[in-house]
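These notes are about the structure you will find just below.
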Amino acid sequence: MADPTSTFLELAGSLDYPLFIVTAAKDDRREGCVIGFATQSSFDPARFLACLSRENRTYRLALVADALAVHLVPRARRDLAELFGGQTGDDIDKFDRCAWQPGPHGLPILDDCPSWFAGTIEARLNLGDHVGFLLAPIKARFAEGEKIVFFQSVKDAIEPGHPIA
Ligand SMILES: Cc1cc2nc3c(=O)[nH]c(=O)nc-3n(C[C@H](O)[C@H](O)[C@H](O)COP(=O)(O)O)c2cc1C
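Numbering-wise, numbering that gives the first Met the number 0 puts 3 at position 4 of the sequence shown, and it's gapless, one number per residue.
What follows is the structure, encoded as structure tokens:
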């Protein structure tokens with residue numbers, strides 16, 4: 000019989016779901032990366048779970064941040080998914096290469112991602128090689144009808160700046 004872990008990973012890798020760009024800030028530091036491991040987790044209270052790999056620079060800043068911003072990525076701005084998913088802040092300043100404004104808690108809000116929300120971090124959950132950041136939304140913008148980037152459309156095209164696991 001096939002190894003259950005490899006079959007599970009094959010199954011999970013065949014699923015499709017939106018990609019997000021998560022940004023974090025603390026004092027004058029700011030980081031951000033693409034995530035696919037993310038989901039709404041509650042209606043009332045409204046909660047969202049954003050999972051960050053312990054490998055990522057963004058994770059390290061999220062450990063000391065009060066809040067995170069979560070952006071949907073417009074399909075027309077796939078280049079932003081390449082910047083935030085294919086590069087690491089260990090090597091470059093991603094915020095020198097895109098347009099952004101400071102938002103709640105000083106979080107960088109990307110000008111070209113019109114749908115986003117900011118949420119305070121209610122809990123940090125050990126989920127394995129990723130840590131779940133449970134977010135309580137405090138501000139949100141929604142550009143209804145905009146087509147967004149999904150995992151399957153980029154998974155073979157963007158090499159993560161840091162390994163995912
Ligand atoms: C399609 C795709 C999905 C990804 N999903 C996640 C994820 O769910 N969580 C995560 O922490 N990193 C994820 N990554 C990896 C990070 O976006 C990537 O390693 C990034 O370069 C990290 O940047 P940083 O070191 O500046 O934080 C994903 C990357 C890609 C291309």
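Cβ coordinates follow ideal geometry from the N, Cα and C atoms, glycine included.
Which word fits residue i, buried or exposed, when buried means at least 16 other C-beta atoms lie within 10 angstroms of its C-beta?
{"i": "Gln-100", "result": "exposed"}
{"i": "Gln-86", "result": "buried"}
{"i": "Ser-40", "result": "exposed"}
{"i": "Leu-18", "result": "buried"}
{"i": "Ala-68", "result": "buried"}
{"i": "Ile-108", "result": "buried"}
{"i": "Ser-52", "result": "buried"}
Just how far apart, CA to CA, sit residue i and residue j?
{"i": "Glu-121", "j": "Leu-48", "result": "10 Å"}
{"i": "Arg-96", "j": "Leu-124", "result": "31 Å"}
{"i": "Asp-155", "j": "Ile-34", "result": "15 Å"}
{"i": "Asn-55", "j": "Asp-43", "result": "30 Å"}
{"i": "Ala-117", "j": "Gly-160", "result": "24 Å"}
{"i": "Phe-141", "j": "Gly-88", "result": "27 Å"}
{"i": "Lys-25", "j": "Thr-38", "result": "24 Å"}
Within the continuous beta strand (DSSP E) that includes residue i, where are the two ends?
{"i": "Thr-87", "result": "Where Thr-87 is concerned, there is no enclosing beta strand (DSSP E), given that its DSSP letter is neither H nor E."}
{"i": "Leu-166", "result": "Outside the displayed span of the chain (0 to 164) sits residue 166, for which this structure offers no information."}
Looking only at DSSP bridge pairs, what is residue i linked to?
{"i": "Ser-52", "result": "His-129"}
Which stretch, first to last residue, makes up the alpha helix (DSSP H) that contains residue i?
{"i": "Val-153", "result": "150-153"}
Could you tell me whether the region 5-14 touches the region 50-66, where touching means 3 or more Cβ pairs closer than 8 Å? no
Cβ contact check for the region 145-154 and the region 119-132: 3 or more pairs under 8 Å: no
Decide if the region 107-125 is in contact with the region 137-147; the criterion is three or more beta carbon pairs, one per stretch, under 8 Å apart. yes
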